[in-house]
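Visitor: Using the working numbering, read the sequence shown as starting at 2 and increasing by one per residue.
What follows is a single structure, and I will ask about it in a moment.
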Amino acid sequence: MRIYSILCCFILLFSNNTFGQKWDTIYGNPGISESFRDLKEFYDNGYLISGGHKNPQGNWLIKTSINKNILWEKIITWENTTVYSGYMDQDSNGNIYIASTINSEINGFWPMAIKLDSCGEKLWCRVFQDYDNYNYGWFNDVLALDNGDMLAVGELDSEEEIEKIFLWYIDSDGDLKWRQGYASQNNYPHIRETNCDGIRKYGSNYIIHGHCYYPYPSDTTHFYQRPLFIMLDSLFNEQWIIPFGVSDSLIGAALESFQLNDSVYMGVGMLRLEGTTEHSLIMYFNEDGQELGYKEIPNDSIGLNISQNYMNDIERINDSLFITSTTFALNNEIAFWGELIIDTGAIIYKQEFRPIQTHGWTSMVKTFDNKYIIGCNWDEGNGNDDIYLYKINENLEQDTIYPGTYTYDSLCPYQIQSGEIDISDCLIVTDVGEIPTPKEYYASIQTIPIKAYPNPVDGNKVTFEFENTEYLSPPLIPSRWSGTSSVGGTQPHLCIYNVYGKLVHEEMIYPYQGESVVDVGLWKKGMYFGVVYSGGKVAGRCKFVVQ
Numbered sequence: 002m003r004i005y006s007i008l009c010c011f012i013l014l015f016s017n018n019t020f021g022q023k024w025d026t027i028y029g030n031p032g033i034s035e036s037f038r039d040l041k042e043f044y045d046n047g048y049l050i051s052g053g054h055k056n057p058q059g060n061w062l063i064k065t066s067i068n069k070n071i072l073w074e075k076i077i078t079w080e081n082t083t084v085y086s087g088y089m090d091q092d093s094n095g096n097i098y099i100a101s102t103i104n105s106e107i108n109g110f111w112p113m114a115i116k117l118d119s120c121g122e123k124l125w126c127r128v129f130q131d132y133d134n135y136n137y138g139w140f141n142d143v144l145a146l147d148n149g150d151m152l153a154v155g156e157l158d159s160e161e162e163i164e165k166i167f168l169w170y171i172d173s174d175g176d177l178k179w180r181q182g183y184a185s186q187n188n189y190p191h192i193r194e195t196n197c198d199g200i201r202k203y204g205s206n207y208i209i210h211g212h213c214y215y216p217y218p219s220d221t222t223h224f225y226q227r228p229l230f231i232m233l234d235s236l237f238n239e240q241w242i243i244p245f246g247v248s249d250s251l252i253g254a255a256l257e258s259f260q261l262n263d264s265v266y267m268g269v270g271m272l273r274l275e276g277t278t279e280h281s282l283i284m285y286f287n288e289d290g291q292e293l294g295y296k297e298i299p300n301d302s303i304g305l306n307i308s309q310n311y312m313n314d315i316e317r318i319n320d321s322l323f324i325t326s327t328t329f330a331l332n333n334e335i336a337f338w339g340e341l342i343i344d345t346g347a348i349i350y351k352q353e354f355r356p357i358q359t360h361g362w363t364s365m366v367k368t369f370d371n372k373y374i375i376g377c378n379w380d381e382g383n384g385n386d387d388i389y390l391y392k393i394n395e396n397l398e399q400d401t402i403y404p405g406t407y408t409y410d411s412l413c414p415y416q417i418q419s420g421e422i423d424i425s426d427c428l429i430v431t432d433v434g435e436i437p438t439p440k441e442y443y444a445s446i447q448t449i450p451i452k453a454y455p456n457p458v459d460g461n462k463v464t465f466e467f468e469n470t471e472y473l474s475p476p477l478i479p480s481r482w483s484g485t486s487s488v489g490g491t492q493p494h495l496c497i498y499n500v501y502g503k504l505v506h507e508e509m510i511y512p513y514q515g516e517s518v519v520d521v522g523l524w525k526k527g528m529y530f531g532v533v534y535s536g537g538k539v540a541g542r543c544k545f546v547v548q
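Set out below in structure tokens:
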């Protein structure tokens, strides 16, 4: 890693006063184009920004304080390979998960996953390429799961495009456990060109939002862009899809989803009308995949000269009001950012326009103190962009600097240094086409393969070797086979029976346990059976002989 004291970046402050200073900030190099991609509030109430960097080229990670000052920077680079800006998430241990994309003459254009530790150091990097089945692919979003694993959503391109939206499940060590495609033409013959914009977790379910092309029921030969929602259960089985607004002749896209209550969801996005006219679209559906209606926000309800408005992100203010990060355009000129405060009926309570220089990709985060921080691109005016961050309250007013001192990066045992993260040694996974589906994978881990050795046992000890014990779960009912034993109870355990079915040994098995050694020196000669119970069922068995 090459260490930088400062990576040639500047911060433009909009006031020189410490108290009452506005929070908005620009990060970038004058005359060089950088770009914004994603934003997260970090565990220490600072912020982590992901963007594109030009010199050196790579994925630019900026860690800031609660008051926008840069604490450290990392630029993820790969020689002779383009590393695009990625999407981020974090876990409770401060690890950072990045879903990005690379492009090189050697490896092509493929999705890439990276895990950094709490100090911003690389733990592993994986590129997933599948030349046998697809032309290229990329990641569009990432979720860090409670168990330390990573879920990435993206797209794969092929000539047939039977299915284009995919999920990749990557464990905490970087191993790809399964891959699954959704909204397949095999199940929905009329669907075409599916695209995903993100994935959200609501309780035990997941919703993928994006768009697809889908015909009217009366004419299946012409396809139109529709908002798309896909519901998955806790094991990532597809429950339903909604090409939204087919019967209402809606043309548009879903750019975000939001759970209103236990059974009703709201999607926001764009309704495309004639020419370049676009309205904000609010869509309602329930957990059973039924459309409940929609609302649109016409341009003239915002202002006479507004020619475009559509919502990209949404956060809840209270039980009845929401704040949206929204694209606006005046008189069909260049689009810029702003916000709306709306209710579920699409009534506008307040609106605000940001400077005309704001544009490009955006992300909005509701902070720990119920403020809203938004990131996007900032036009330098010379064809180059920088990264713009601003923080507002629920009245859409610019927030101000916080007084006091704060502790940052407490999960890292040392002071983090800025620098490059070289990923040229990134492991390229080429056998992705052989990876199981979620159904196949979760069926396989319900078993606990068990092996006894030496077999036959010619001494006093036999060793039992286990697999998949990280997935052990308590039985659903009390043990019937453990009798009055104090070991079995409701815990996963190993039982050994003689050839007559009599229990001769029982012991508890713990998650991640790899083996157990049993003393058989006083056992009678003959055949024995080892059985592992998990979740109230037999999960694995073996037989062995004591000589």
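Quick reminder that beta carbons are idealized off the backbone N, C-alpha and C, glycines included.
Just so it is clear, the structure is predicted and the values come from calculations on it, not from any experiment.
Among residues of its own chain, excluding the 5 on either side of Ala347, which ones have a beta-carbon nearer than 8 Å to its beta-carbon?
Guide: Counting only Cβ-Cβ distances below 8 Å, and skipping sequence neighbours, we find Ser281, Ile283, Lys296, Glu297, Ile298.
Visitor: Look at the alpha carbon of Gly32 and the alpha carbon of Tyr170, and state the distance between them as a whole number of angstroms.
Guide: Cα to Cα, the separation comes out at about 40 Å.
Visitor: CB-CB under 7 Å to Lys526, same chain, minus the five flanking residues each way: which ones, in chain order?
Guide: Correct list, in chain order: Val547, Gln548.
Visitor: So, helix, strand or coil for Ser445, using DSSP?
Guide: If DSSP states are grouped into helix, strand and coil, Ser445 belongs with the helices.
Visitor: For Cys120, which residues from the same chain have a beta carbon less than 6 Å from its beta carbon, with the 5 sequence-adjacent residues on both sides left out?
Guide: Only Cys413, Ile417 meet the Cβ criterion.
Visitor: Once you ignore the five residues that flank Glu353 on each side, which residues in its own chain have a CB closer than 7 Å to its CB?
Guide: Gly339, Glu340, Leu397.
Visitor: Count Cβ pairs between the segment 129 to 141 and the segment 419 to 433 that sit closer than 8 Å; are there 3 or more?
Guide: Short answer: they touch.
Visitor: Do you know how far the Cα of Gly47 is from the Cα of Asp25?
Guide: C-alpha separation (whole angstroms): 15 Å.
Visitor: DSSP three-state call for Glu471: helix, strand or coil?
Guide: Note: Glu471 maps to helix in three-state DSSP.
Visitor: Going by the DSSP bridge assignment, what does Cys126 pair with across the sheet?
Guide: Cys126 is bridged to Ile115.
Visitor: Distance check for Leu331 and Asn306, CA to CA, integer angstroms please.
Guide: Answer to the nearest angstrom: the Cα atoms are 5 Å apart.
Visitor: Please identify the residue among Tyr28, Ser185, Gln91 whose C-alpha is closest to the C-alpha of Gln240.
Guide: With distances taken between Cα atoms, Gln240 lies closest to Ser185.
Visitor: Give me the residue from Ser364, Phe369, Val518, Gln358 with the minimum Cα distance to Asp386.
Guide: With distances taken between Cα atoms, Asp386 lies closest to Gln358.
Visitor: Taking C-alpha atoms, which residue in Phe329, Thr363, Asp320, Asn333 lies nearest to Asp344?
Guide: Per the Cα distances, Asp320.
Visitor: Please state whether DSSP places Pro440 in a helix, a strand or coil.
Guide: Rather than Pro, the amino acid found at residue 440 in this sequence is Lys. Helix, per DSSP.
Visitor: Look at the alpha carbon of Glu381 and the alpha carbon of Thr470, and state the distance between them as a whole number of angstroms.
Guide: Distance between the alpha carbons of Glu381 and Thr470: 56 Å.
Visitor: Give the range of the beta strand (DSSP E) segment to which Ser419 is assigned.
Guide: Careful: Ser419 lies outside any beta strand (DSSP E) and carries neither H nor E.
Visitor: Could you tell me the distance, in whole angstroms, from the CA atom of Phe110 to the CA atom of Gly59?
Guide: Rounded to whole angstroms, Phe110 to Gly59 spans 15 Å at the Cα level.
Visitor: Would you identify the three-state DSSP class for Asp387, choosing helix, strand or coil?
Guide: Correct three-state label for Asp387: strand.
Visitor: Below 8 Å on the Cβ atoms is my contact criterion, and I expect Thr368 with Gln22 to pass it. Report the Cβ-Cβ distance as a whole number of Å.
Guide: That pair is no contact at about 17 Å.
Visitor: Between which residues of its own chain and Tyr98 is the CB-CB distance below 6 Å, once the five residues before and five after are set aside?
Guide: For Tyr98, where only same-chain residues beyond five positions count, the Cβ hits under 6 Å are Asp90, Lys116, Val143, Ala145, Met151.
Visitor: Taking Ile335 as the reference, which of Met312, Tyr409, Glu316, Gly361 has the closest Cα?
Guide: It is Gly361 whose Cα lies nearest to the Cα of Ile335.
Visitor: Report the residue from Thr277, Leu322, Tyr28, Leu495 whose alpha carbon sits nearest the alpha carbon of Ile349.
Guide: Checking every option, the nearest Cα to that of Ile349 belongs to Leu322.
Visitor: By Cβ distance, which residues of its chain are closer than 8 Å to Glu160, with the 5 residues on each side in sequence left out?
Guide: So the qualifying residues of the chain are Asn136.
Visitor: Ser281 bridges to which residues according to DSSP?
Guide: According to DSSP, Ser281 bridges with Met271, Ile298.
Visitor: Taking the C-alpha atoms as reference points, what is the distance between Ser486 and Ile510?
Guide: Here Ser486 scores only 37 on pLDDT, less than 50, and its place in the model is too uncertain to base an answer on.
Visitor: Can you look up Pro476 in the DSSP assignment and give me helix, strand or coil?
Guide: Interpretation of Pro476 is limited by its pLDDT of 46, a score under 50 that renders its predicted location unreliable; the figure taken from the coordinates is listed afterwards. Of the three classes helix, strand and coil, the one that applies to Pro476 here is coil, per DSSP.
Visitor: Taking the Cβ atom as the reference point for each residue, do Lys550 and Ile422 lie within a distance shorter than 9 Å?
Guide: Given that the chain is displayed from residue 2 to residue 548, the structure contains no residue 550 and the question cannot be resolved.
Visitor: Sort out for me which residues DSSP pairs Glu508 with in a bridge.
Guide: Glu508 pairs with Leu495.
Visitor: Below 8 Å on the Cβ atoms is my guess for Tyr189 versus Ile166; work out the distance and round it to an integer in Å.
Guide: In fact, because the Cβ distance is near 12 Å, the residues do not count as touching under 8 Å.
Visitor: Hey, would you say the C-beta of Ser235 is under 8 Å away from at least one heavy atom of the ligand MN?
Guide: The ligand MN is not part of the structure shown, which contains no ligands of any sort.
Visitor: What span of residues does the beta strand (DSSP E) with Gln1 cover, start to end?
Guide: The structure shown has nothing for residue 1, since the chain only spans 2 to 548.
Visitor: So Asn104 and Thr83 are in contact, right, with Cβ under 8 Å, and what is the actual spacing, rounded?
Guide: Contact flag correct, Cβ pair sits at about 4 Å.
Visitor: For a minimum of 3 consecutive residues, which ranges assigned as the beta strand (DSSP E) are wholly contained in the segment 8 to 89?
Guide: Entirely contained in the segment 8 to 89, the beta strand (DSSP E) runs reaching 3 residues are, in chain order, 11 to 14, 26 to 29, 36 to 42, 48 to 55, 58 to 65, 71 to 78.
Visitor: Using the C-alpha atoms, what's the distance from Phe467 back to Gln514?
Guide: Near 7 Å, if we compare the C-alpha coordinates of Phe467 and Gln514.
Visitor: How is Val247 classed by DSSP in three states: helix, strand or coil?
Guide: Note: Val247 maps to coil in three-state DSSP.
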